[in-house]
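Here is the structure we will look at, set down as structure tokens.
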Amino acid sequence: MPERHERVFKDIDTEKQIDDLQNRLKSDTANIALRIELGKIYLSENMLADAAAEFESVLHVDSQNIEAYLLLASAILRLPNGDLNKASGLLEKAVRIAPESADLHLRLAQVYLKQGKEENAVREFKKTVELPGNTETLVSAYLELMAIYRKKGETGRAGDMYEKAKEINPGIDEIIRQTEINRITPHPESSCKDCKQGDGIHPELEDRIKNAREKIEK
39 MPERHERVFK DIDTEKQIDD LQNRLKSDTA NIALRIELGK IYLSENMLAD AAAEFESVLH
99 VDSQNIEAYL LLASAILRLP NGDLNKASGL LEKAVRIAPE SADLHLRLAQ VYLKQGKEEN
159 AVREFKKTVE LPGNTETLVS AYLELMAIYR KKGETGRAGD MYEKAKEINP GIDEIIRQTE
219 INRITPHPES SCKDCKQGDG IHPELEDRIK NAREKIEK
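In case it helps, our numbering puts the sequence shown at residues 39 to 256.
Right under this line is the structure:
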């Protein structure tokens, strides 16, 4: 379990919100929704050990909770020395529980890439695009596949993946162009992508595309 550090909050409202959730949990310790909410706040505050503890508590109560698996894996991956094996293990369990989830396959594929397991990653990215999913998830998977094929010199397949991504989101070229501008002249407020607000699970679409673009250029 990651070591917890002294809590320093960004603003007083966040601190009050956390205090309220903690007080409510004292009389309702098994309330999954409250623990998920509290964990997400910790995640947004970059209090990763506290976030992980809440998500693990959820899984002790409900070992089938997909959101908790995703969030716990996200917290682990954001740690300075994040345990890739633990993260992939959590996501593998989640995929067995919900094999129809495109988002789970995407996240597992991305962790496999970090582990250097390219064949496993390709398999999971392909599963992602075979399943119903939101625009961001499908575009991200196609661009990841495009980057892999481009790196392997398979330009035809890489082009096919790009075209499929563009069918889903015709604005991809503009997004890639803008992320290139941001990379060259980053704005101070966007210098830490981990500090962005969100659901704690998914990076912004622009960040996903930027990551894929950087892989292509390597």
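Every residue gets a Cβ at the ideal spot worked out from N, C-alpha and C, and that includes glycine. Remember, it's a predicted structure, so these values are computed and weren't measured experimentally.
Contiguous alpha helix (DSSP H) elements confined to the region 155 to 196 occur at 156 to 168, 173 to 189, taking only those with 4 or more residues. Secondary structure of Glu92 (DSSP, three-state): helix. The beta carbon of Arg195 lies closer than 6 Å to those of Tyr187 in the same chain, with the five residues before and after it left out. Within the same chain, Pro40, Ala113, Arg116, Leu117 come within 7 Å of Leu86 by CB-CB distance, once the 5 residues on both sides are set aside.
For Thr52, the uninterrupted alpha helix (DSSP H) run begins and ends at 50 to 64, by DSSP. Within its own chain, the residues whose Cβ lies closer than 6 Å to the Cβ of Lys202, once the five positions on either side in sequence are excluded, are Tyr180, listed in chain order.
The region 91 to 102 makes contact with the region 61 to 78; the number of CB pairs closer than 8 Å reaches 3 or more.
Between the alpha carbons of Leu109 and Ile50 lies a distance of about 24 Å.
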